[in-house]
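Chains A and B supply the protein sequences, listed in that same order. Heads up: the first sequence begins at 1 in UniProt numbering, then just goes up one per residue. Heads up: the second sequence begins at 1 in UniProt numbering, then just goes up one per residue. Note that beta-carbon positions come from the ideal geometry of N, C-alpha and C, so glycine has one too.
There are 2 protein chains.
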Amino acid sequence: MPEEVRDEKATQGIQATLDVMGGKWKPLILFILLHEGTKRFGELRRQLPNVTQGMLTNQLRELERDKLIVRQAYQEIPPKVEYSLSDHGRTLSSVLTDMCGWGYKHIEFMQSIKSGKE
Amino acid sequence: MPEEVRDEKATQGIQATLDVMGGKWKPLILFILLHEGTKRFGELRRQLPNVTQGMLTNQLRELERDKLIVRQAYQEIPPKVEYSLSDHGRTLSSVLTDMCGWGYKHIEFMQSIKSGKE
DNA sequence: CTGCATCCCGAATGATACTG
DNA sequence: CAGTATCATTCGGGATGCAG
């Protein structure tokens with residue numbers, strides 16, 4: 001397989017991952033659902049003080065569309081909606097963990113450089 | 001450690017990773033440098049037909065700022081500049097590979113759903 | 001050959017008010 | 001409580017022309 005094609009295919013995979021969890025709040029939402037299980041809309045909202053209702057709804061809709069989370073609505077008054085990771089969403093766990101780990105090493109690396117300069 | 005704090009820290013790491021490789025062309029640039037080693041500016045440009053000069057320069061500058069790649073300029077006429085992964089940049093390899101792998105599984109997963117529906 | 005500066009656009013994000 | 005609608009804003013991405 002020519003290099004260009006292989007590179008392009010590799011990037012497709014990475015791009016797909018980025019498309020799915022690249023939103024500004026998606027990583028945090030996924031992380032919360034991964035570690036704390038099912039959450040109601042209001043609970044998520046309270047745990048994400050800087051996210052507006054509209055944005056939260058938006059991000060949740062996209063995650064649902066991409067089959068990473070499951071939305072369960074109860075037809076009650078008052079309304080009640082619960083979100084949880086799907087089985088497919090749980091397969092993101094290792095990637096999420098890896099990125100988290102690398103990110104921390106990166107932050108430390110940058111700080112070590114900074115302090116070394118000054 | 002309270003849940004909110006742990007979540008926030010976890011997200012910091014993920015966010016740092018996203019900041020660093022989240023640009024539209026960065027994953028591909030990193031992948032090429034990872035697999036093919038040092039490249040001249042013009043070579044990269046030819047391998048990324050859809051990226052404008054300006055964007056390529058931009059992305060390379062950011063990657064350099066984040067210490068993922070090394071820029072070596074030769075003071076010649078005509079100018080010659082080579083880019084290569086730094087040691088730190090190479091530590092991204094496993095993350096890149098993981099994301100690539102998950103992305104592909106995701107693409108297949110979505111296609112299996114689509115074909116199942118129709 | 002390589003890179004910078006400038007302008008421009010559309011998408012993503014965010015604030016606010018309203019509804020079942 | 002959960003969600004929609006609308007409008008403002010910010011920002012990444014892209015085109016073009018110039019420069020060392």
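Legend entry - Proximal residues to Thr57 (chain A) (C-beta, below 7 Å), its chain only, five neighbours per side dropped: none
Inset, instruction - Any chance you could list the beta strand (DSSP E) runs of at least 3 consecutive residues sitting entirely within the UniProt domain "HTH hxlR-type" (10–111) of chain B, in chain order? - result: 69–74 and 80–85
Legend entry - Gly42 (chain B) versus B:His88, B:Met55, B:Lys80 and B:Trp102, residue with shortest Cα-Cα distance: B:Lys80
Inset, instruction - Identify, in the order they occur along the chain, each residue of the same chain with its Cβ nearer than 6 Å to the Cβ of Glu82 (chain B), setting aside the five sequence neighbours on each side. - result: Thr38, Arg40 and Gln72
Inset, instruction - Figure out for me which residue from A:His106, A:His88, A:Arg90 and A:Ser86 has the closest Cα to the Cα of Val95 (chain B). - result: A:His106
Legend entry - C-alpha gap between Tyr74 (chain B) and Val51 (chain B), whole angstroms: 24 Å
Inset, instruction - Step through the CB atoms of chain A and report whether any lies within less than 8 Å of the CB of Gly37 (chain B). - result: no
Legend entry - Alpha-carbon to alpha-carbon, Leu33 (chain A) and Val70 (chain B): 38 Å
Legend entry - Gly22 (chain A) versus Tyr104 (chain B) - alpha carbon distance: 16 Å
Legend entry - Option nearest Lys67 (chain B) by Cα separation, candidates B:Pro78, B:Met110 and B:Arg90: B:Arg90
Legend entry - Under 9 Å by beta carbon: chain B residues contacting Gly22 (chain A): Leu18 and Gly22
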